[in-house]
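Beneath this line is the structure, given in structure tokens, with notes to follow.
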Amino acid sequence: MEEITTLETFESIISGSNPVIVKFYAGWCPDCTRLNMFIDDIINDYGQYKWYEINRDNFPELAEKYNVMGIPSLLIYQNGEKTHHLHSANAKSPEQVREFLDSTGY
-3 MEEITTLETF ESIISGSNPV IVKFYAGWCP DCTRLNMFID DIINDYGQYK WYEINRDNFP
57 ELAEKYNVMG IPSLLIYQNG EKTHHLHSAN AKSPEQVREF LDSTGY
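Residue numbers (the numbering used here): -3 to 102.
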């Protein structure tokens, strides 16, 4: 997963016509560490997406703008718009993440 380190990069990534997934996380977050333990297999199985991650603590304005109230959260963007959002409470297992991704229709 590629790290987003600037607001300009974030805007550029989400503005494309292909769907991209951005994981909002924080270094102090135990659920984020747990997600990292199983996310690589999911990334391999869902290659239709480009995957990115952004540290929520470095970009609180983005977290607020896109209603990221808990972490980790997976947001799907296309054409500059958030199209889907997997909230942290529903991102605790590989099955929950896969179910979310299967439900998006991409």
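Even glycine gets a Cβ: it sits at the ideal position worked out from N, Cα and C.
The structure presented is a predicted model; accordingly, all values stated were derived computationally and were not measured.
In its chain, beyond the 5 residues on either side, S11, G12 and S13 have a beta carbon closer than 8 Å to the beta carbon of N75. Straight through space, the alpha carbons of I17 and D41 are spaced by roughly 14 Å. The residue from K19, I9 and T1 with its alpha-carbon nearest to that of S84 is K19. Taking C-alpha positions only, G101 is separated from P26 by approximately 30 Å. Only residues of its own chain outside the window of five on either side were considered, and among them L71 have a CB closer than 6 Å to the CB of H81, listed in chain order.
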